[in-house]
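Sequence positions in the sequence shown follow numbering that gives the first Met the number 0 and run 0 to 678. Positions of the beta carbon are idealized from the N, C-alpha and C atoms, including for glycine. These figures come from a predicted structure and were not determined experimentally.
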Amino acid sequence: MRTTCPYCGVGCQVEPEIQGGRILRVLAPDIPPNHGALCVKGRFGLDFAFSGKRLLYPMVREDRRQAFRRVSWDEALDYTASKLLAVLKRRGPEAIAVFPSAKTTNEEVYLTQKLARVLLSTNHVDHCSRLCHSSSTVALSRSLGGASMTNPIEDIWKTDLFLVVGSNTTETHPVIGAMIKKRVRQGAKLIVVDPRYTGMAEAATLWLRVRPGTDLFLLNAMARYILEEGLWDQGYVEERTEGFAEWQASLEPYTLEEAERITGVEKEKIALAARLYATTKRAGAYWAMGVTQHTKGTATAQALVNLALLTGKVGKEGAGLNPLRGQNNVQGAGDMGALPDVFPGYLKVSDQAARKRFEALWGVELNPKPGLRMTEVFERIPEVEAIYLIGEDPVTSEPYQDHLKAKLEALPFLVVQDILENETTSFAHVVLPAASFLEKDGTFTNTDRRVQRIRKLLDPPGEARPDWWIVQELGKRLAQALGRPWALYPGPEAIWEEVRRAIPEMMGGISYRRLEREGVRWPCSAEDHPGETVLFRTCFNTPSGRARFIPVHFTPPAETPSEEYPLTLSAGRVLYRWHGGTLSRNSQLKEAYPELKVEVNPKDAQRLGIGDGEIIQVVSRRGRIRARAWVTDRTPEGVVYAPFHFAEAPANRLTTDALDPFSRIPEYKVAAVRLEKLD
0 MRTTCPYCGV GCQVEPEIQG GRILRVLAPD IPPNHGALCV KGRFGLDFAF SGKRLLYPMV
60 REDRRQAFRR VSWDEALDYT ASKLLAVLKR RGPEAIAVFP SAKTTNEEVY LTQKLARVLL
120 STNHVDHCSR LCHSSSTVAL SRSLGGASMT NPIEDIWKTD LFLVVGSNTT ETHPVIGAMI
180 KKRVRQGAKL IVVDPRYTGM AEAATLWLRV RPGTDLFLLN AMARYILEEG LWDQGYVEER
240 TEGFAEWQAS LEPYTLEEAE RITGVEKEKI ALAARLYATT KRAGAYWAMG VTQHTKGTAT
300 AQALVNLALL TGKVGKEGAG LNPLRGQNNV QGAGDMGALP DVFPGYLKVS DQAARKRFEA
360 LWGVELNPKP GLRMTEVFER IPEVEAIYLI GEDPVTSEPY QDHLKAKLEA LPFLVVQDIL
420 ENETTSFAHV VLPAASFLEK DGTFTNTDRR VQRIRKLLDP PGEARPDWWI VQELGKRLAQ
480 ALGRPWALYP GPEAIWEEVR RAIPEMMGGI SYRRLEREGV RWPCSAEDHP GETVLFRTCF
540 NTPSGRARFI PVHFTPPAET PSEEYPLTLS AGRVLYRWHG GTLSRNSQLK EAYPELKVEV
600 NPKDAQRLGI GDGEIIQVVS RRGRIRARAW VTDRTPEGVV YAPFHFAEAP ANRLTTDALD
660 PFSRIPEYKV AAVRLEKLD
């Protein structure tokens, strides 16, 4: 039976063959978006569902010094409801946060944020997008009025030039990476902006090896050069944008000469990249965490938006602005309202008309005050007294890990709902066992807005239950105590039907019946509508209908190398592992990449006397970890690259907790470290 891969945002369609409690093989149908292709994670990494670390029974403890005790679902949910109600009565909704998961279905995210807003009256609702593309969301929303890829994955075959910035696409989105490289072999050009020599850089027509954290300066310099050379699309700018004059004036400091000094990229290469991008009609920009996970992540994403608007690349086939989403349903989680300032459909909680829409649907008065972001919630502990956490492992994924652990130790009440034991479950008071993607029905939304089905292939093990069931049962108890309305749904399709009623302009035409054949992209307002492929063909979703240029300026990273910490650490991903590792370290993938390897440039290794394969320590101002040195020129001199998937050697123990001022995303890509040999 066909379902959707639970790893990255590509949303590959898979057909697992299961027998005797194990996956024999995984096939892929020849339909969009992957057309039969799969990466190693989709092919060999789905067996986490059979891991011995599955959470099988509800567990409760009143105090962290106690051991967990197995309880019934009724006892676990009654206890959870009573604790949340006590906090609500004593401290109010500002003391409670609810974090849905981008690994769960659209239906489950929708129901979770509804529970937070309808029953707990809190807008402290957020999810893992805070740690990946929240910067893109801010930049795209304020300029275009939308926060997603503007173009479909299929547009890769219509694209004549790819500008890939800060995306190790071949390892993090392998199917899309393979498509881009095949299109390059057909004659398209590829410009890659990245400090590391990745698989994309290897295939590039032009590789710009920027210093970490300097992409913004390079992009502004490209824009200035395009203006000076008269290569911009004046008609497009005049007809479809606003704020141009102020933005143009802001580019004065961004000369090619200064860009070379700041970024380390030769000015001739910067000029060539600018000319190629501006003069290629069908040129698409693609980016990921190398752009967003900085204190100036929003500004860098904005610089990409400005560059695309200047050259008339938005609203056209084979072009556009295309942030590659990380988690399998991170696009859907945002769509369903798992953010502190928006309801489903990105309607602002502060907007009276939006509130009235959802108040009429849900039957309660709603809180008009935007909530705290995830990173802010953790800092407000113990002022925030209770957190309901679904499908996330912040102990592994959040920056400055030791600081976060101290915060969680001070949290009076934590509910963890997940499928597998992880590094955060040990801080919980209540653990609720959830069903995996193989054990429930629903929908995911992939990186290019395609809503796709997941289908139940197995029964959940032990007493695990689908997330929607758990949330619904908890909501039933809260609603009864509070005297507030709470619908009971027979299954995920009934929840989806409410989503369609809630945001008909976005999802109204997407029914389960239509999704039986293949996915449908939003916006899709009617069942006879095919779903929009290219966004903003005629106008933007801003009050004026025009896209906005917004000036942005370069600032150095929050932490730069020093005499004591002379190297720059960049944290990231590898092909054989996934994010916090909860899934991949409980699958066959663990054997393919069993331990942390830290990339060290040969010149740095020689200077420090470090041999390839040697065990070393990586040390920052916040902590230290042990790792195996991988001496390679993939990483430039002065830079150390560490994947963050390994709980036993967590790279995020070293990263700084400095945040972007707009998105509040942490700066994972730049931290000062030193390497130490072990005696």
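Asked, Found
"So I17 and L23 are in contact, right, with Cβ under 8 Å, and what is the actual spacing, rounded?", "7 Å"
"Pick out whichever of E515, A284, T581, I386 has its Cα sitting closest to the Cα of T299.", "A284"
"Going by the DSSP bridge assignment, what does Y285 pair with across the sheet?", "V163, N321"
"Let me make sure I understand the geometry here. Which of P642, Y276, A244 has the alpha-carbon closest to that of T204?", "Y276"
"Counting only the same chain and skipping the five closest in sequence on each side, list residues whose C-beta sits under 6 Å from that of A146.", "T136, L139, S140"
"Pick out whichever of E397, H552, D62 has its Cα sitting closest to the Cα of E251.", "H552"
"Identify every residue that forms a DSSP beta bridge with M58.", "R69, V430"
"Just tell me which of V9, G20, P369, C11 has its CA closest to the CA of E438.", "G20"
"From E358 to V341, what distance separates their C-alpha atoms?", "14 Å"
"Alpha helix (DSSP H) containing R476: first to last residue?", "466-481"
"Could you check what DSSP says for G571 in three-state terms: helix, strand or coil?", "strand"
"Output the distance between the C-alpha atoms of V470 and T111, rounded to the nearest integer angstrom.", "6 Å"
"Output the boundary residues of the alpha helix (DSSP H) element that contains D214.", "214-227"
"Tell me which same chain residues have a C-beta within less than 8 Å of the C-beta of L119, skipping the five on either side of it?", "L83, L87, P92, I95, V97, L477"
"Following the continuous alpha helix (DSSP H) through W495, name the residue where it begins and the one where it ends.", "491-501"
"Relative to the alpha-carbon of G474, which residue among E462, A463, P465, L487 has its alpha-carbon at the smallest distance?", "L487"
"What separation, rounded to the nearest whole angstrom, lies between the Cα atoms of D125 and D678?", "44 Å"
"Below 8 Å on the Cβ atoms is my guess for D159 versus A282; work out the distance and round it to an integer in Å.", "7 Å"
"Identify every run of the beta strand (DSSP E) within the region 235-308, keeping only runs that are complete inside it and at least 3 residues long; order them along the chain.", "282-286"
"I need the straight-line Cα distance from V617 to V669, nearest angstrom please.", "14 Å"
"Please identify the residue among Q326, E106, A177 whose C-alpha is closest to the C-alpha of S133.", "Q326"
"How far does the alpha helix (DSSP H) with G198 in it extend, from its first residue to its last?", "198-201"
"What does the Cβ neighbour count give for A222, buried or exposed, with the cut at 16 atoms within 10 Å?", "buried"
"Could you please give the first and the last residue of the uninterrupted alpha helix (DSSP H) stretch that includes D401?", "400-408"
"Report all residues from its chain with a CB closer than 6 Å to the CB of A48; omit the five preceding and five following residues, and keep chain order.", "S435, L437"
"Locate the beta strand (DSSP E) running through L205, then write down its first and last residues.", "205-207"
"Please report the Cβ distance between G234 and V192, rounded to the nearest whole angstrom; I am assuming they are in contact, meaning their Cβ atoms lie under 8 Å.", "28 Å between Cβ atoms; not a contact."
"Could you give the distance in angstroms between the alpha-carbon of A187 and the alpha-carbon of V25?", "32 Å"
"Along the chain, where does the alpha helix (DSSP H) that runs through F357 open and close?", "351-361"
"What residues in its chain sit with their C-beta under 6 Å from that of C4, if we drop five residues either side in the sequence?", "C11, V13, G41"
"When you compare the region 587-601 with the region 318-332, are there three or more beta-carbon pairs, one atom per stretch, that lie closer than 8 Å?", "no"
"Counting only the same chain and skipping the five closest in sequence on each side, list residues whose C-beta sits under 6 Å from that of T554.", "K295"
"Determine which residues share a DSSP beta bridge with E598 and list them.", "W629, Y640"
"Look at the alpha carbon of F67 and the alpha carbon of E61, and state the distance between them as a whole number of angstroms.", "9 Å"
"Taking the alpha carbon of V430 as the point to measure from, which residue in G441, V415, L419 has its own alpha carbon closest?", "V415"
"Are R516 and T2 closer than 8 Å when you measure CB to CB?", "no"
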